[in-house]
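Residue numbers (this note's numbering), protein chains in the order written: chain A, 424 to 840; chain Y, 3 to 316. All residues carry an ideal CB built from backbone N, CA and C; glycine is no exception. These numbers come from a predicted model, not from an experiment.
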Amino acid sequence: MRKTWQIALKDLKLIARNPMALLLFLLAPFLLTLGMAAITGAFSGEDAGPSNIPIAIVNSDREQLGNLLVEVFQSEELKDLVSPVLEDSYEVARQSVRDGENVAALYIPEGFTNSIVLLNGELSDEAPIQLEFTADETSGYSVGILREIIKTFLAEVSSNQATYQSAVKLLLSEELIMPNEVPAFIQSLEDELGNEAAANRGYEIVSNLSENANNSVSYMAIIAPGMAMMFLMWNVGSGSLSFLTERRQYTLQRNLISPTHASQIIIGKTLSIFLRGFAQVAILVLASGLLFKLNWGNWTGVLVLIAAVSYAACGWGMLLTSIFKTPRQVSSASTSIGLIFGQLGSGFLPMSTLPNWLQTFGLISPNGWGSRGFTILASGGNLADLTGIIFALLVMGTLLLGIASFSFRKNVLQDGG
Amino acid sequence: MPALLEAKNLVRKFGHITAVDDVSFDIQQGEIFSLLGPNGAGKTTTISMLSTLLEPSSGDALIQGFSIKNDNMQVRELIGIVPQEIALYEDLSARENLFYWGRLYNLGGPALENRVNEVLEQIGLSERAKDRVKTYSGGMKRRVNIAAGLLHKPKLLFMDEPTVGIDPQSRRMILDTIKELNQEGMTILYTTHHMEEAQELSDRVGIMDHGKLIAIGTQDELTQETNETDLIQVQLDPSDDKPFIISQLETMDEIQQVKIEENALSLFTKDAESSLAPIINRLSQLEAHIKAIEVVEPNLETVFLQLTGRALRD
């Protein structure tokens, strides 16, 4: 272990002594992310995120509030942002989400309006009838937008409820109206103000996403990890390149003929590549979190996810090194793969904007999994929600490192480094 | 006393090419043994096998009884290697490099600190030990390259052409260091294509060509075996038409081969004594301006020529 650490430490020292490389590894992704954020308007509030977000709406209420919510989604103001489709069955709507036809399905249950219309100025004792919301958890940004629309609607209802309650209570206390006159008074107010809302307590959205009813996802929070992971792929690519560079400089051979096992050398060098990758993404995440208040979500989850993504990325980097013979070949390959994987993992645009088959194909990359993980975290998920993703990344990394290590040993032992 | 190194029928093939072909030799404790041969003769491949970097296609070698094929780690503890390349991390200082390599050889703590200081002193780089290697001259890098191979005080040191591409002063320092190490008891396997280095350093010499070990022995033994070729060296004037002169000399029966380096002609003959006069006459007829002429005593160069029909530097 001591030798392994010495080898890793030496590689880290070497990278630290190379200011240009440091700049590229640590600052470039940060600056590029800021650039992307500026272009997309993430700082100005004019978010140039996705448009025509498809949502299936089932309005079983068919009363004032249910109809109003549908009208909100169909309004002129939102016509570029959302693309609502009315369905009769919530099961059909949910299936359309599973099939990737819609980002989310909204169910407005029967009795929704009646359960919240104020009849006598007092709060109802009945449990509220809740809206149900099913979303594609990988489309965090789009889902966040849809959720914000619903929340805004419900907040408006709540606001009106408070206004009506205050007015009615005041009139009742002053005996200016009698209790049996309240419904007529409310109706007159609604007619006067053009509002239907006078509502009950506890408006909630029952969702398939955990603890995320109060969270929204920033567009930059999608792009930033995507960008970081794209640079991570380049970083590990160039880190793996050090195997070939050392082979050319004969230092690898010198390592190999010292009383050090080949496995110690491989692990030591891989460890340094991993640490470089981890540091790169972690710095971007921390800096953007602190400077721009980006909501990355649960920090434990974020750090574990970064580690898992870095590990899987190391696997890809090492695999490239074991396949190609020259630094130029590895460099070209890692650049190409970095770009491709970058796009597959929200490096330029959110994954949700990609066709379904491409999103599925993206799962061959650490970026694809990582992007899903970061979206879940930014949407309020925690480490437990990442179990599958972490597992997939660890399997990917282990498998690739195993193949690369086998190939490396074979090549080195046969060719004498 | 058993040999420190016994190489037995070493063969290394790269595809269809046989880089080392059935090479056997031994090295005694305390000896400087040189492998002499032109580039591509198989010297580096032989050292790569002996240092466990490259697995032999067949054959084996024992170093203090440990097999290079089966006892890698024990062999690596016993040997040190100074590769032909500057195998150092250029962005680290000499001291950092030496600490790193020392730790890979299981050194640590005050023992490593002392040893690093010792070898830095030995190679004369104590004052610049904290400078990055990339700021060093070629000769200084070579010296650090040697120091890295000495840290763990190996019983057997492999030095693969350690003087390639350096200035005469550094070369002299390296050769003197090798002699000092040998006087301190270190056994050395030295490869070179410079006859002079092999002659100056070696107790015994193995001559390699095309992967084969074609002769082995002390310098005296080798020159006695091949004393049929003499060498006459002629220094010409720069204004002489050397291609024409060479073409004419090559037609003489007395001359086996003609080589030229700048204005110096090397004429290989069967018998220098009887050939000298005809050669001078011929050069006069060709209106060559002879600045100096010398009959060179038989040496490893002439041995190599005799054995291979080619000059060593080809």
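L238 (chain Y) has its alpha-carbon roughly 12 Å from the corresponding atom of P245 (chain Y). One finds nothing in chain A with a Cβ atom closer than 7 Å to the Cβ of N119 (chain Y); even the nearest lies about 20 Å away.
Under DSSP, Q237 (chain Y) takes part in a beta bridge, and its partners are Y:A266, Y:A294. Partner residues in the beta bridge of P477 (chain A), as assigned by DSSP, are A:S506. Contiguous alpha helix (DSSP H) elements confined to the stretch 47-84 of chain Y occur at 74-80, taking only those with 4 or more residues. Non-local C-beta neighbours of I148 (chain Y) in its own chain, meaning closer than 7 Å and more than five positions away in sequence, comprise V84, I125, P164, I176, T179, ordered along the chain. Among the CB atoms of chain A, none fall inside 8 Å of the CB of N301 (chain Y). Counted as a single uninterrupted DSSP element, the alpha helix (DSSP H) harbouring S755 (chain A) occupies residues 750-767. Boundaries of the beta strand (DSSP E) around T189 (chain Y): 189-194. Interface flag for R677 (chain A) against chain Y is set, since a Cβ pair is found closer than 8 Å. In this structure, the beta-carbon distance from V725 (chain A) to G700 (chain A) does not fall below 8 Å. Using a Cβ-Cβ cut-off of 8 Å, S681 (chain A) counts as an interface residue toward chain Y, since at least one Cβ of chain Y sits closer than that to its own. The residues G489, V493, I531, in chain order, have a CB closer than 6 Å to that of N482 (chain A) in the same chain once the five nearest residues on each side in sequence are set aside. At least one CB atom of chain Y sits nearer than 8 Å to the CB of L437 (chain A). Under the criterion of beta carbons closer than 8 Å, L809 (chain A) and L728 (chain A) qualify as touching, at roughly 6 Å.
Going by DSSP, G796 (chain A) is part of the alpha helix (DSSP H) stretching over 789-801. Put simply, the CB of T749 (chain A) is far from chain Y, with every gap to its CB atoms at 8 Å or more. Not one beta carbon of chain A lies nearer than 8 Å to the beta carbon of L215 (chain Y). For the stretch 32-63 of chain Y, the set of residues with a beta-carbon nearer than 7 Å to any beta-carbon of chain A comprises S50, S53, T54, L55, L56, E57, in chain order. Contact annotation, K272 (chain Y) with Q258 (chain Y): C-beta distance approximately 7 Å; criterion of less than 8 Å satisfied.
Residue pairing of Y530 (chain A) in beta bridges, as defined by DSSP: A:V481, A:E555. Of all residues in the stretch 149-180 of chain Y, only A150 place a beta-carbon less than 8 Å from a beta-carbon of chain A.
Taking C-beta separations shorter than 6 Å and ignoring five residues to either side along the sequence, the partners of I295 (chain Y) in its chain run V236, following chain order. Distance check between A527 (chain A) and each of A:K574, A:L679, A:I478, A:A439 places A:I478 closest, using alpha-carbon atoms only. Cβ-Cβ distances below 6 Å link P240 (chain Y) to N265 in the same chain, with the five nearest sequence neighbours on each side left out; the list follows chain order. When 8 Å is used as the limit between beta carbons, E264 (chain Y) is near no residue of chain A, the shortest such separation being about 33 Å. The stretch 662-690 of chain A contains, as complete alpha helix (DSSP H) runs of 4+ residues, the segments 674-679 (chain order). For T674 (chain A), the C-beta contacts it makes with chain Y under 8 Å involve A89, L90, Y91, in order along the chain.
Just so you know, the alpha carbons of L285 (chain Y) and L269 (chain Y) end up roughly 12 Å apart. Within the same chain, and ignoring the five residues on either side of D242 (chain Y) in sequence, the residues whose Cβ sits closer than 7 Å to its Cβ are A290, H291.
The straight-line gap separating the alpha-carbon atoms of I689 (chain A) and S53 (chain Y) is approximately 20 Å. Residues of chain Y whose Cβ lies closer than 8 Å to the Cβ of K502 (chain A) do not exist, since the nearest Cβ in that chain is about 59 Å away.
For V146 (chain Y), the enclosing alpha helix (DSSP H) starts and ends at 140-152.
Distance between V77 (chain Y) and F35 (chain Y), taken at the CA atoms: about 18 Å. Annotation for E8 (chain Y): the continuous beta strand (DSSP E) segment containing it runs 7-16. With its beta carbon less than 8 Å from one in chain Y, Q429 (chain A) belongs to the interface.
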